[in-house]
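**Student:** In the UniProt record's numbering, the protein residues as written are 1 to 275.
Take this structure first; my questions come after.
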Amino acid sequence: MKNVSFPAKLGLFQTKIEEMPAKTIKAFDTSSKAAISIAHLGVYYRTQEALRDVNCIVKPGKLTGIFGPNGAGKSTLMKAMLGLVPVSSGTVLCEGKPLMQQLEKVAYVPQRSQIDWTYPATVWDVVMMGRVKKTGWLRSFSTVSRQVAKNAIERVGMSEYCDRPIGQLSGGQQQRVFLARALTQQAEIFCFDEPLVGIDQKTQAVIFEVFHELAANNKIVLVVNHDLGESITHFDDLILLNRELVATGSRQQVLTQENLNLAYGGKVMYFSDAA
């Protein structure tokens, strides 16, 4: 029997991997027009089913996390929502219209491993790229765009690194730069794929501060995360996956022993904040 521990000050999980009962699929209301509504979403990679019949809502004004074990389809769900991978079934709507027709509203930050850090660009260059949707590729950046970029860089604490090549930054600094680029887009929907991997505690604190500010301004903020430690307590709503939807709703609704058993493949002991 294999023991896996996830220590945290708040929300301590201790998992014992063992045989588990079959999951029952629960229906979920996707009728809200003020949010991203995902209905019956399925994804195949060649002959491999990556996601099956996912139904959930991502609400504005909430910090929403996509959680699940390795291979659960967390990043696949986000990419499918944004049209980065083909879907085999289902719909993704925002305010009643396909999200794919509204990508100008979206700021997306991929995993750091998917970015070419050898590209000859400075911090300033990367952050200014976030203004391209507003100005177009062939137009020079306005004074307003430059001020927006400057403010974003200051917000993430990277002002002194403006002329630094991105390949010379630490992992945490690189993540701050791409967070600043997302902020310059002045989007309505912010999607971050594993932004907390390989970063320092100070950067994590900055990132969550910005996430909460965005949510407080009624933005849609969706984050792929695998960490079941203390960081999970920052999230308002959760989408728990294991190639299909296990549970979705508020953090308190989703973090039950039964749901964690189903997602992580064993009997889970969950110690609440009051424990």
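Ideal Cβ placement from N, Cα and C applies to all residues, glycine included.
Please report the Cβ distance between residue 281 and residue 92, rounded to the nearest whole angstrom; I am assuming they are in contact, meaning their Cβ atoms lie under 8 Å.
**Tutor:** Any answer about residue 281 is impossible in this case: the structure gives the chain only from 1 up to 275.
**Student:** Near residue 263, which residues of its chain fall below 6 Å by C-beta distance, leaving aside the five closest residues on each side in sequence?
**Tutor:** 68, 240, 242 and 246
**Student:** So if DSSP puts residue 52 in a beta bridge, which residue, or which two residues, is it bridged to?
**Tutor:** 244
**Student:** Below 8 Å on the Cβ atoms is my guess for residue 164 versus residue 118; work out the distance and round it to an integer in Å.
**Tutor:** With 8 Å as the limit, residue 164 and residue 118 do not qualify as a contact, their Cβ atoms being about 14 Å apart.
**Student:** In this structure, what does DSSP give as the bridge partners for residue 192?
**Tutor:** 109 and 223
**Student:** Residue 97 to residue 35, Cα distance in whole Å?
**Tutor:** Distance between the alpha carbons of residue 97 and residue 35: 11 Å.
**Student:** Please list the terminal residues of the continuous beta strand (DSSP E) segment that includes residue 44.
**Tutor:** 36 to 45 is the span of the beta strand (DSSP E), which, as asked, contains residue 44.
**Student:** In whole angstroms, what separates the C-alpha of residue 276 from that of residue 87?
**Tutor:** A query on residue 276 cannot be resolved here, the shown segment of the chain reaching from 1 to 275 and no further.
**Student:** To which residues does DSSP link residue 237 through a beta bridge?
**Tutor:** 64 and 250
**Student:** Please classify residue 143 as buried or exposed, where buried requires at least 16 neighbouring CB atoms within 10 angstroms.
**Tutor:** exposed
**Student:** Grouping DSSP H, G and I as helix and E and B as strand, with all else coil, what is residue 25?
**Tutor:** Its pLDDT being 34, under 50, residue 25 is placed unreliably in this model, and the value from its coordinates should be taken loosely. Residue state, collapsed to three classes: coil.
**Student:** Excluding the five sequence neighbours on either side, which residues of its own chain have a C-beta within less than 8 Å of the C-beta of residue 252, listed in chain order?
**Tutor:** None.
**Student:** Just grab the DSSP bridge partners of residue 197 for me.
**Tutor:** According to DSSP, residue 197 bridges with nothing at all.
**Student:** For residue 172, which residues from the same chain have a beta carbon less than 6 Å from its beta carbon, with the 5 sequence-adjacent residues on both sides left out?
**Tutor:** 199, 200 and 203
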